[in-house]
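S.K.:
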Amino acid sequence: MSVTATPARPAPDHHAQFIELLQSSLEQNAFIKLVLAKYVGDEADLQRLIIKQLTVKDQPCLSFVYRYKTRDITKNFPLAEGVATIAVLLPMSFKNAHLLAVTDEAQLEYSKKGKSSLFKSKPQQLREVPSAEHNREKNRFLDLNRPFLADLGVTNHKHELIPAMSRKWKQINKFIEVFSHALTSSPLALDQPVRVSDFGSGKGYLTFAIHDYLRNTLQAEGIVTGVELREDMVKLCNEAAARLEHPGLSFQHGDVRSVAPAAVDVMIALHACDIATDYAIHMGIRSGASIIMCSPCCHKQIRLQIQSPALLKPMLQYGLHLGQQAEMVTDSLRALFLEACGYETKVFEFISLDHTNKNKMILAVKRAEPVDPAELLAKIQELKAFYHITEHCLETLLRADGYLA
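For the sequence shown, full-length UniProt numbering begins at 1 and goes up steadily by one.
1. The alpha helix (DSSP H) that contains residue 341, what's its start and end?
2. Count the other CB atoms within 10 Å of the CB of residue 186; is the residue buried (16 or more) or exposed (fewer)?
3. Three or more beta-carbon pairs under 8 angstroms between the stretch 365–385 and the stretch 325–338, yes or no?
4. Does the Cβ of residue 205 have 16 or more other Cβ atoms within 10 Å, making it buried, or fewer, making it exposed?
5. Can you give me the C-alpha to C-alpha distance between residue 89 and residue 168, rounded to a whole angstrom?
6. Please give the ranges of any beta strand (DSSP E) in the stretch 60–117, keeping only runs that are unbroken, at least 3 residues long and fully inside the region.
7. Looking only at C-alpha atoms, which of 244, 184, 160, 266 sits nearest to residue 210?
8. Taking all protein chains shown into account, do 16 or more other C-beta atoms lie within 10 angstroms of the C-beta of residue 294, making it buried, or fewer, making it exposed?
9. In this structure, what does DSSP give as the bridge partners for residue 119?
10. Use the C-beta contact count for residue 12: other C-beta atoms within 10 angstroms, 16 or more gives buried, fewer gives exposed.
11. Have a look at residue 241 and residue 153 and give me their C-alpha separation to the nearest angstrom.
12. For residue 284, does the three-state DSSP call read helix, strand or coil?
13. Assess contact between the stretch 211–221 and the stretch 243–255, defined as three or more Cβ pairs (one per stretch) separated by less than 8 angstroms. Is contact present?
14. In its own chain, which residues sit with a C-beta less than 6 angstroms from the C-beta of residue 337, not counting the 5 before and 5 after it?
15. Compare the beta carbon distance of residue 200 and residue 256 with 9 angstroms and say whether it is the shorter of the two.
16. Here's the rule I'm using: 16 or more other beta-carbon atoms within 10 Å means buried, otherwise exposed. How should residue 113 be labelled?
17. With residue 420 as the anchor, note down where its alpha helix (DSSP H) starts and where it stops.
18. Of the residues 303, 177, 252, 232, which one's Cα is nearest the Cα of residue 217?
19. Check for me: the beta strand (DSSP E) holding residue 270 runs from which residue to which?
20. With respect to the alpha helix (DSSP H) encompassing residue 301, which residues constitute its N-terminal and C-terminal limits?
21. Evaluate residue 119 with the Cβ neighbour count: other Cβ atoms within 10 Å of its Cβ, from every protein chain shown; 16 or more gives buried, anything less gives exposed.
22. With H, G and I counted as helix, E and B as strand and the rest as coil, what does DSSP make of residue 172?
23. Just to confirm the assignment, what range does the beta strand (DSSP E) spanning residue 361 have?
24. Output yes or no for whether 9 angstroms exceeds the beta carbon distance between residue 110 and residue 91.
25. Only counting runs of 3 or more residues, tell me where the beta strand (DSSP E) segments fall wholly within the stretch 24–66, in order along the chain.
26. Assuming contact is defined by CB atoms lying nearer than 9 angstroms, are residue 30 and residue 83 in contact in what I supplied?
27. Comparing alpha-carbon positions, which option in 55, 15, 191 lies nearest residue 96?
28. Whether or not the stretch 308–317 and the stretch 278–294 are in contact is what I'm after, with contact meaning three or more pairs of Cβ atoms, one per stretch, closer than 8 angstroms; do they touch?
29. For the alpha helix (DSSP H) containing residue 207, name the first residue and the last one.
30. If I follow the unbroken alpha helix (DSSP H) through residue 151, where does it start and stop?
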């Protein structure tokens, strides 16, 4: 008697199933977010792709946020074109996709050998679809009804924003947003006091804001110190801190060279001029800070040393370009030194303060595991040699303390 072989079942097309789930979530208005990860393409520093739905000029679209190590790039696509683009990116450029919808979620993975796996699950409760309006009000990390905002003149007695302070209010929220994201990726634990030093605290807008955010939003104990050279500002802020009952918040007279806390968890120095930024970063590293937030101002030390290669001289004969080059080289070296000292570092545009047009921020978060600095230090020396730089203040300070072998 002959036996007929049973034909093998075809392997499931997980790619097609996943795209169908995506399409269905969009059609049913259930789509929340799609994240593509495990990038295998050629673009340097591209980490992941975050996709959300927006409405732009009354037309639904998919907003693609390409997240690089130090910046984000956003591109908007009509729905059909966006779905088609996603279909091409999987698995050519990304080996992992996580779809989040109102009623379920799905994850598509590809192994090193190209084998696909599709996982689907139901949520414990229904999620809410976020607003798709492109110009919707951004999330705020602080409320306008916080007492310190009225005391410092950001709001009136009815807790309404004073129009002339709108830029300041935007800057305060952006600062807290950056801090909040850094906090989530840092090794800091909120069941312990968080020690913050803010150098050049001025009138205390950001110093009060970070203390209020730690204490009232995160329910953490914040020991926050503002350091300022102007004694009248120090007196003004200390009086406000006492009047507003901000325990753990204080201000003292001095600068980053004269005040050296024994231990700091978060070091802030916005718009410290020239090498004062280097002293601030050095103090943060030496004090073991988990988060370092700097917004550099002026770059005189390096600008005076740079000898540009002959090929670049026609371009750099213009003063503006020469200054931009000095800024780029100085802050790149600062970021590389931070990386060599064990920090995950980003350089990005921040919101400018009312009294300056400088809007760059260097954000460094301590890594959980140390890195071998040899390769980074070699790159630093190559940059210095290329521009004929003999001294960088931060390097001098770090070498004196034995941080750089």
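Heads up, the beta-carbon is just placed ideally off N, CA and C, and yes, glycines get one too.
M.R.: Considering the structure as presented:
1. As a first step, residue 341 is located in the sequence shown; it is residue number 341 there, counting from the start. Per DSSP, residue 341 belongs to no alpha helix (DSSP H) and is neither H nor E.
2. Here the question's residue 186 lines up with position 186 in the sequence shown. When all chains shown are included, residue 186 counts as buried.
3. yes
4. Mapped onto the sequence shown, residue 205 falls at position 205. Of the other Cβ atoms in all chains shown, 16 or more fall within 10 Å of the Cβ of residue 205; this residue is therefore buried.
5. Here residue 89 refers to the residue found at position 89 when the sequence shown is read from its first residue. Here residue 168 refers to the residue found at position 168 when the sequence shown is read from its first residue. Each residue's alpha carbon lies about 41 angstroms from the other.
6. 72–78, 94–101, 105–110
7. On the sequence shown, position 210 is the one that residue 210 refers to. Comparing Cα-Cα distances from residue 210 to each of 244, 184, 160, 266, the minimum goes to 266.
8. Here residue 294 refers to the residue found at position 294 of the sequence shown. With 16 or more other Cβ atoms within 10 Å, it is buried.
9. Residue numbering aside, residue 119 sits at position 119 when the sequence shown is read from its first letter. Answer is 107.
10. Counting from 1 along the sequence shown, the entry for residue 12 is found at position 12. Classification of residue 12: exposed, given that the 10 Å Cβ count is below 16.
11. The residue given as residue 241 occupies position 241 in the sequence shown. The residue given as residue 153 occupies position 153 in the sequence shown. Rounded to the nearest angstrom, the two C-alpha atoms are 14 angstroms apart.
12. The residue labelled residue 284 in the question sits at position 284 within the sequence shown. Residue 284: helix per DSSP, three-state reduction.
13. The stretch 211–221 is in contact with the stretch 243–255.
14. Locating residue 337 in the sequence shown gives position 337, counting from the first residue. 394, listed in sequence order.
15. Taking the first residue of the sequence shown as 1, we reach residue 200 at position 200. Taking the first residue of the sequence shown as 1, we reach residue 256 at position 256. In this structure, residue 256 lies closer than 9 angstroms to residue 200 by Cβ.
16. Working through the sequence shown from its first residue, we reach residue 113 at position 113. So residue 113 counts as exposed.
17. What is shown of the chain runs 1 to 405, which leaves residue 420 out entirely.
18. Along the sequence shown, one-based indexing puts residue 217 at 217. Minimum Cα distance to residue 217 is reached at 177.
19. As a working note, residue 270 is residue 270 in the sequence shown. Counting along the chain, the beta strand (DSSP E) containing residue 270 begins and ends at 266–273.
20. What you label residue 301 is simply residue 301 of the sequence shown in a count that begins at 1. Looking at the DSSP string, the run of the alpha helix (DSSP H) that includes residue 301 is 300–305.
21. Start at 1 with the first residue of the sequence shown, and residue 119 comes out as number 119. Exposed: under 16 other Cβ atoms inside 10 Å.
22. Position 172 of the sequence shown holds residue 172. DSSP places residue 172 in helix when its eight states are reduced to three.
23. On the sequence shown, residue 361 is found 361 positions in, with the first residue counted as 1. Here the beta strand (DSSP E) through residue 361 covers 360–366.
24. By 1-based counting over the sequence shown, the position of residue 110 is 110. By 1-based counting over the sequence shown, the position of residue 91 is 91. Cβ distance < 9 angstroms, so residue 110 and residue 91 count as in contact.
25. Counting only runs of 3 or more, we get 31–39, 46–56.
26. Translated into the one-based positions of the sequence shown, residue 30 becomes position 30. Translated into the one-based positions of the sequence shown, residue 83 becomes position 83. No, the Cβ-Cβ distance between residue 30 and residue 83 is not below 9 angstroms.
27. As a working mapping, residue 96 is identified with position 96 in the sequence shown. Of the listed residues, the one whose Cα sits closest to residue 96 is 15.
28. no
29. Working through the sequence shown from its first residue, we reach residue 207 at position 207. Residue 207 -> alpha helix (DSSP H) spans 205–212.
30. Counted from its first residue, the sequence shown places residue 151 at position 151. Run containing residue 151: 147–151, per the alpha helix (DSSP H) assignment.
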